[in-house]
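Following my numbering, the numbering of the sequence shown begins with 251 at its first residue and continues without gaps.
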Amino acid sequence: MTASVGTQDLSLPVQIVNARVTYKNAPIHLLEKFTFKDPESAHRAFMEAGADECVIIQTCNRVEVYAAAKSPDEAKVLRQWAQSAGLQEKDLASVEVDVGKDAVMHLMKLASGLDSLVVGEDQILGQVRRAFEYARSNSYASANLAMIFDRALKVGSRVRTVTGINKGNVSIASVAVNLADEYFDDMKAKKVMLIGSGEAASLVAKVLKRRGVDFMITSRTYDRARSFSETVAGTPVRFEDAVAMFNELDLVFVATTAPYFLITHERMEAAMKDRKGAVMIFDLSNPRTVDEKVATIHGVKLINMDQIAELVEKNVRSRMKEVISAEKIIDDEMKSVDSMMKRLKAEPVVVSVFKSVDQIRERELKKALSMLAKSSPEQERIIEQLSYAIVEGILSTPMNYLRKEIEAGGRESEELMKIVAKLFQYDDEKVQ
251 MTASVGTQDL SLPVQIVNAR VTYKNAPIHL LEKFTFKDPE SAHRAFMEAG ADECVIIQTC
311 NRVEVYAAAK SPDEAKVLRQ WAQSAGLQEK DLASVEVDVG KDAVMHLMKL ASGLDSLVVG
371 EDQILGQVRR AFEYARSNSY ASANLAMIFD RALKVGSRVR TVTGINKGNV SIASVAVNLA
431 DEYFDDMKAK KVMLIGSGEA ASLVAKVLKR RGVDFMITSR TYDRARSFSE TVAGTPVRFE
491 DAVAMFNELD LVFVATTAPY FLITHERMEA AMKDRKGAVM IFDLSNPRTV DEKVATIHGV
551 KLINMDQIAE LVEKNVRSRM KEVISAEKII DDEMKSVDSM MKRLKAEPVV VSVFKSVDQI
611 RERELKKALS MLAKSSPEQE RIIEQLSYAI VEGILSTPMN YLRKEIEAGG RESEELMKIV
671 AKLFQYDDEK VQ
């Protein structure tokens, strides 16, 4: 396990912890072990283990957990992960852990596409958004993670708009199709099968369609294949029929979430007996759904996510200018987030001061009105508005000064907040 704990303080009422396993530090066979088979149960388990909030992001090349807690226990997060995913302790050596600012910085880079296998890809932004929306709609994420994820999603969009880092060949699907195009003299003349009907399969289908390649679609049920084909213009076939024509196929893209091998060594070996030409198979699934032993069969060229990771390094190098610009935008956003968090740190005291003084205002207003022999509703309204204006006029300047001092940081600002809290009898652990 690698951990980053050098810059923890983000002035939040809770601490943010990010634990992750990605294509960078785990080959696909290990990465798939970290995948939560039941994300709903995993969210609940992390909450029961002490997290106040939790968001889990799972894609074909990463599994990440974001937890918010007042006193986070990183070791406990990892133990819970191991228990939920059925891992052994030795597997946890592949986990990276960031805390506080580092965790938020990573999330912003992730949403911006800087941590993706294909730098600048658009898909990760949607995946981060959906993961957060799922957690929020099921009450696993609230105010603290909402603020962080909202800022990350906004900066991810801004990075793409300002730098153009998402232009060109920026998805795993497009990299895979490009490799196939390089392998075959004329991909349009080949018999192509797409297995899957989810997001990854949709991306492959869109790239094939743009290239003018006809393709068939199959899924675990024919209804799903037919429905999917209506949106991406492929030809639906039943899965059993697709298996029967393996010996005729030239190119197969597998992009599913099936927890078992859809293409087995036995099945592929039988298909290749009567075949003369080669077949190229891309396994874009996590967990893998093509048995790696298939690659040992004569005439079969299997490409999986590990191999694609090696092939897209040039994508990173070609986008270094955009990466540098993106990192500058993220750095500026982190400064903004930190300033906002520091200002928010003063809010409980500011609110308490206004509440305390307003109670005095209301009490004295009642006394004053009771002493008036006769007063119309309009006159009472004017007097009440005057009382509000006096309170606002007296408190606004010192309270804004307090906010600015807290935002500036430093030891004196903390002492100032404690003095103000004591003067107005605000008692909270945040300022003690």
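The beta-carbon is built from N, C-alpha and C at its ideal position, and this holds for glycine as well.
Own chain residues within Cβ distance below 6 Å of residue i, not counting five before or after
i: G376; result: none
i: F399; result: F382
i: R738; result: Because the chain is modelled from 251 through 682, residue 738 falls outside the range shown and cannot be assessed.
i: R653; result: R593 and A596
i: G446; result: A505 and T506
i: R379; result: L403
i: N650; result: none
Alpha-carbon to alpha-carbon, residue j and residue i
i: R386; j: N394; result: 11 Å
i: V463; j: K438; result: 5 Å
i: T285; j: Q308; result: 7 Å
i: K441; j: R476; result: 19 Å
i: L367; j: V347; result: 19 Å
i: R661; j: E542; result: 59 Å
i: D372; j: S421; result: 7 Å
i: I547; j: R517; result: 11 Å
i: L453; j: A299; result: 37 Å
i: Y384; j: M397; result: 15 Å
i: M297; j: V315; result: 12 Å
i: G659; j: C304; result: 29 Å
i: K571; j: S424; result: 21 Å
i: E490; j: D473; result: 13 Å
i: S535; j: F465; result: 19 Å
i: F604; j: S291; result: 43 Å
i: F511; j: K326; result: 33 Å
i: K359; j: V313; result: 15 Å
i: K585; j: E664; result: 19 Å
i: V349; j: N416; result: 28 Å
i: K668; j: D323; result: 28 Å
Proximity of residue i and residue j at Cβ, strictly below 7 Å
i: M522; j: L501; result: no
i: A343; j: A317; result: no
i: A319; j: V264; result: yes
i: S362; j: V409; result: yes
i: A295; j: V345; result: no
i: G484; j: I467; result: yes
i: A559; j: L552; result: no
i: A223; j: G549; result: Since the first and last residues shown for the chain are 251 and 682, residue 223 lies out of range.
i: E655; j: L666; result: yes
i: V670; j: V562; result: no
i: V641; j: R611; result: yes
i: E628; j: L619; result: no
i: M555; j: N311; result: yes
i: A450; j: V482; result: no
i: S589; j: E657; result: yes
i: F503; j: F532; result: yes
Residue nearest to residue i in terms of C-alpha spacing, selected from the options
i: V457; options: S392, E583, P277 and L429; result: L429
i: V267; options: D288, G448, S626 and I306; result: I306
i: H515; options: V540, T272 and M495; result: V540
i: V427; options: K459, A335, M358 and A545; result: K459
i: D341; options: Y384, S291 and P277; result: P277
i: K404; options: I579, K274, F532 and E339; result: I579
i: N388; options: A494, F511, P289 and N497; result: P289
i: Q635; options: L360, A325, L615 and Q338; result: L615
i: V369; options: K624, I633, V573 and S646; result: V573
i: L364; options: P486, S407 and I513; result: S407
Own chain partners of residue i with C-beta closer than 8 Å, once the 5 adjacent residues on each side are dropped
i: D431; result: M437 and R461
i: I644; result: V607
i: Q333; result: A295
i: L328; result: M251, A269, L342, V345 and V347
i: Y638; result: R611
i: L337; result: K283, F284 and W331
i: L280; result: V271, D341 and S344
Cβ neighbour criterion (16 or more within 10 Å) applied to residue i
i: N293; result: What sits at residue 293 in the sequence shown is His, not Asn. Looking at its Cβ environment, which holds 16 or more other Cβ atoms inside 10 Å, H293 is buried.
i: V601; result: exposed
i: Y390; result: buried
i: P648; result: exposed
i: G414; result: exposed
i: A576; result: buried
i: E583; result: buried
i: T272; result: buried
i: N497; result: exposed
i: S321; result: exposed
i: I374; result: buried
i: V412; result: exposed
Proximal residues to residue i (C-beta, below 7 Å), its chain only, five neighbours per side dropped
i: P509; result: K287 and P537
i: L499; result: K441, M443 and V529
i: L622; result: none
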